[in-house]
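Here the sequence shown stands for residues 396 to 521, where the numbers follow our numbering. Glycine included, each C-beta is placed from N, C-alpha and C at the ideal position.
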Amino acid sequence: MLIAMQSFVTSLSGRSADVVLTASQAGITNFPASPAFAATQSARLGLTHALARELGSSAIRVNLVLLGLLEGGISADIDSARRADYEKFSALGRVGTGAEAAKAIVRLALTNRWMTGSILPLTGGL
């Protein structure tokens with residue numbers, strides 16, 4: 396991911412930009428996940444902070460969207476009891492959809508001009 400970011404920044408030729416990284420909620424909360432998966436997701440938080448600091452003077456904003464449980468994908472493998480708990484404790488009482496996550500990410504990427512190095516939780520209120 397870091398190499399892709401370096402290439403992207405080079406291609407901007409001094410133009411302003413917004414970068415939105417994503418990570419699973421498992422990276423920074425006690426959400427069940429394998430240690431390897433949780434570690435890679437957690438590393439994205441550190442990368443977000445470091446890149447925001449490094450690229451801010453170039454008018455490049457870097458933020459992290461923290462994704463909760465979504466329909467389909469790797470969430471399909473979540474044990475049904477864990478999914479029920481997620482839905483029970485979520486403020487919205489359900490898991491999200493990929494389309495809902497995408498809308499929030501696009502909005503952040505297209506309208507943000509001030510926020511950088513921040514986490515936007517898309518977790519349904521969990």
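Those residues which DSSP pairs with residue i across a bridge
i           : result
residue 418 : 461
residue 413 : 456
residue 514 : 459
Cα-Cα separation, residue i to residue j
i           : j           : result
residue 418 : residue 461 : 5 Å
residue 474 : residue 457 : 33 Å
residue 414 : residue 504 : 7 Å
residue 481 : residue 466 : 12 Å
residue 396 : residue 498 : 22 Å
residue 511 : residue 410 : 16 Å
residue 488 : residue 464 : 12 Å
Beta-carbon contacts of residue i that lie in its chain and below 6 Å, excluding the five residues immediately before and after
i           : result
residue 514 : 459, 461
residue 454 : 411
Cutoff 7 Å; reference residue i; Cβ partners in own chain excluding five residues on either side
i           : result
residue 408 : none
residue 433 : 421, 422
residue 484 : 521
residue 437 : 422, 423
Own chain, CB closer than 8 Å to residue i, minus 5 neighbours either side, in chain order
i           : result
residue 440 : 418, 422, 423, 459, 514
residue 523 : For the chain, the structure presents residues 396 to 521; residue 523 sits outside this window and is missing.
residue 507 : 413, 456, 458
CB of residue i within 8 Å of CB of residue j, strictly
i           : j           : result
residue 442 : residue 404 : no
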